[in-house]
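Heads up, the thing below is written out as structure tokens.
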Amino acid sequence: MKHSIKKQFALVFIGLMAATILCCWFINNTFLESYYMNKKQKALTAVYGRLNQAFADGSFDTETFDIELLKLCGKYNVSMLVLDDASELLITTMHDSDLLKRQLLNNIFFSGAHTETEKILEKTDDYVLRSMLDPFTHTEFIEMWGFLEQGNLFIIRTPKEGIMESVGIANRFLAYAGLAAVCIGSVVIWFVSKKITGPIMELAGISEKMIHLDFETKYRGSIKNEIGILGENINQLSETLERTISELKTANNELQKDVEKKERIDEMRKEFLSNVSHELKTPIALIQGYAEGLKEGINDDAESREFYCEVIMDEAVKMNGMVQKLLSLNQLESGNDIVAMERFDLAEMITAFLQSADILIRQNGITVKTDLEVPCYVWADEYKTEEAIRNYFSNAMNHCSGEKIIHVKLHKTETAVRVSVFNTGEPIPGEALPHVWEKFYKVDKARTREYGGSGVGLSIVKAIMESMNGRYGVVNYDNGVEFWFELAAN
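Here the sequence shown stands for residues 3 to 492, numbered as in this note's numbering.
Put into structure tokens, the structure is as follows:
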């Protein structure tokens, strides 16, 4: 990534580390020498004070003081010499003390002569503290010389080269250590930043998937820090969004169903009104025409009036039957009709129905054959099942021709019972088969009008079977047509 937090995090810490080390090196290089010089001055002053004390209490010639003095000289890297007023040697820390004695006497006798290599650091009535270049060894020293309180002469010195070398070593060591620290720190910080930004990138990936409504991926980190808390919150957010979207989709689906149901009901209402107005137009026109003929007395004989009245009554009966069927069909299709599932003997029902229709069968000269297995129990709405059988049988009688045979059969399987009604006659044209279940569809309109059919009988069977989740269909044969439906077996 161009603006990766890992890179920024690493660069910021590496920069801070490098800047800190560079700052320390600059301060060390600039002020460490002055700091060392100040510490050495204080060391020389401390040794001077201890000498005064030793001569004051008379302990300067004891073994204890000698040991202490050696420790001080070793600690502060100083050399010293003490002479009495006769220039006799009292104390020295050097094997060859002549050089130091000559330097002390030279300082005393030529104290007023200053050179360019000399720098006075501190001057009192008792001593002089200076930085100077030894004319004999050409070595720089910090030197203190003068008189002790008892009048003895002293000189204490420490080489500056040790200070300069220490400062140089310290600066070089800090530079090397700083460079190593920057390199090691860079590697450590890179891995630390990677460990920190890794979970952040994982959370970024999860959030990107959430944008595309993918809620399967979850944060699996186990560290309980701020990132862990963020990961748990994102997991909860993912679950909440998934649940909310699921609820919204469910509600949207239900709303879509309601909208589709409302649209379907509206279409059914419009279709119902259109079909009713179309189907009632002819019988109403006939009733109106024959009624006007009666009123105007077109034929005054009793036989004509009786014929007119029979036509009016016949058309009124047809209209009433059609309206009743349409109302029944509308109830079924709208889902407002209650289906009462019960167990009954289907064979017994069919037998009773055929007995009640015996007069119509004989009037039409039809031979009815049955193939019924008694008893034959099914689970269905008994009233609606009888209505479906009645519509199939009425349709078969109206279209029965040729040998004029209607064959009613029951066929049982393990799960269902198939009811089939076959009639001899002309097969239904192939292009008309898919439409026979539509309301007001008539294969032969002239023949339908002849027997007074409304074209809704098969639509009622379809609606009844769908309300009971039953299957239905039609099969063409060379000598006739068979309509069937299936009900759940006991």
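Even glycine gets a Cβ: it sits at the ideal position worked out from N, Cα and C.
Proximity below 9 Å, CB of residue i to CB of residue j
i: F111; j: Y129; result: no
i: V483; j: P429; result: yes
i: N481; j: G427; result: yes
i: L74; j: V84; result: no
i: L412; j: N478; result: no
i: K103; j: S89; result: yes
i: I416; j: W381; result: The question names Ile, but residue 416 in the sequence shown is Glu. Going by C-beta atoms, E416 is not nearer than 9 Å to W381.
i: Y394; j: V438; result: no
i: L356; j: V410; result: yes
i: I191; j: L215; result: no
i: I314; j: A287; result: no
i: A359; j: C378; result: no
i: F156; j: M146; result: yes
i: Y221; j: I236; result: yes
i: T119; j: L101; result: no
i: C402; j: I361; result: no
i: L232; j: L205; result: yes
i: N400; j: L460; result: no
Limits of the unbroken beta strand (DSSP E) element including residue i
i: A382; result: Y379 to A382
i: D373; result: T369 to D373
i: E142; result: E142 to F149
i: I430; result: Counting along the chain, I430 falls outside any beta strand (DSSP E), and DSSP gives it neither H nor E.
i: T119; result: Where T119 is concerned, there is no enclosing beta strand (DSSP E), given that its DSSP letter is neither H nor E.
i: T94; result: L91 to T94
Assumed close pair residue i, residue j - CB separation to whole angstroms, cut-off 8 Å
i: I144; j: Q43; result: 7 Å
i: N173; j: F57; result: The Cβ separation is near 41 Å, so there is no contact.
i: I23; j: V169; result: The pair is not a contact, with the Cβ atoms about 17 Å apart (cut-off 8 Å).
i: M470; j: V341; result: 6 Å
i: I544; j: Y50; result: The structure shown has nothing for residue 544, since the chain only spans 3 to 492.
i: K414; j: E375; result: 6 Å
i: V421; j: F487; result: 6 Å
i: T160; j: L46; result: 7 Å
i: E389; j: I289; result: 27 Å between Cβ atoms; not a contact.
For residue i, three-class secondary structure by DSSP
i: K406; result: coil
i: P201; result: helix
i: L362; result: helix
i: A425; result: Here residue 425 turns out to be Asn, not Ala, going by the sequence shown. Correct three-state label for N425: strand.
i: M82; result: strand
i: S222; result: In the sequence under discussion, the amino acid at residue 222 is Arg, which differs from the Ser named in the question. Three-state result, R222: coil.
i: G472; result: coil
i: I340; result: coil
i: T139; result: coil
i: H437; result: helix
i: T64; result: coil
i: H97; result: coil
i: N227; result: coil
i: H214; result: coil
i: G455; result: Interpretation of G455 is limited by its pLDDT of 49, a score under 50 that renders its predicted location unreliable; no figure is taken from the coordinates.
Segment limits, alpha helix (DSSP H) that includes residue i
i: D356; result: The residue asked about is misnamed: residue 356 is Leu in this sequence, not Asp. L348 to S358 is the span of the alpha helix (DSSP H), which, as asked, contains L356.
i: E484; result: Counting along the chain, E484 falls outside any alpha helix (DSSP H), though it belongs to the beta strand (DSSP E) covering G482 to A491.
i: L106; result: D100 to F111
Opposing strand residues paired with residue i [DSSP bridges]
i: V130; result: K125 and W147
i: F156; result: V84 and G148
i: L414; result: First, the residue type needs correcting, since residue 414 is Lys and not Leu in the sequence shown. BP columns for K414 point to V419.
i: V477; result: E484
i: R307; result: Beta-bridge pairing links R307 to no other residue.
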